[in-house]
């Protein structure tokens with residue numbers, strides 16, 4: 009299981025830049041991120057080296073954040089690579105609430121971060137089917 013930091017951010021020009029600068033100034037390395045927006049705010053999801061330390065920095069600067077456990081797996085970087093993994097979960101009745109993906113160290117694979125209705129079950133199912141955890 010991975011720790012993901014979720015930060016609620018204002019949807020205004022320059023705000024994301026301010027947050028990433030704050031993290032850089034505190035030596036936080038961003039491994040993956042995703043941002044979803046609404047009219048008034050955004051939801052920034054981060055995978056970092058130390059989620060607890062990063063949450064401390066975020067909250068000390070007046071931002072609202074929380075840590076959530078998510079599942080991280082490596083999939084084949086080819087048509088259907090992600091679909092195959094999602095099908096495995098669907099067949100076992102596990103719903104995926106959200107996910108984001110990024111290329112890993114090679115061009116042959118991609119890493120996927122997902123939040124399922126039952127993360128432990130999802131992780132177990134995927135491992136049994138041969139998917140490598142990140």
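Residue numbers (this note's numbering): 9 to 142.
Backbone N, C-alpha and C fix where the C-beta goes; we use that ideal spot for every residue, glycine too.
* So, helix, strand or coil for residue 25, using DSSP? -> helix
* To do: Would you mind giving the Cβ-Cβ distance between residue 85 and residue 49, rounded to the nearest angstrom? I have them listed as a contact below 8 angstroms.
  => Their Cβ separation, rounded to whole angstroms, is 33 angstroms, which puts residue 85 and residue 49 out of contact at 8 angstroms.
* Asked: In terms of residue numbering, what span does the alpha helix (DSSP H) encompassing residue 4 cover?
  -> Given a span of 9 to 142 for the chain in the structure shown, any question on residue 4 remains unanswerable.
* residue 39 (DSSP reduced to helix, strand or coil) -> strand
* Using the C-alpha atoms, what's the distance from residue 97 back to residue 134? -> 7 angstroms
* **Nearest-angstrom Cβ-Cβ length linking residue 105 and residue 124, presumed shorter than 8 angstroms** => 7 angstroms
* Quick one: residues in its chain with C-beta nearer than 8 angstroms to the C-beta of residue 56, no 5 flanking neighbours on either side, listed in chain order? => 13, 31, 36, 37, 38, 39 and 62
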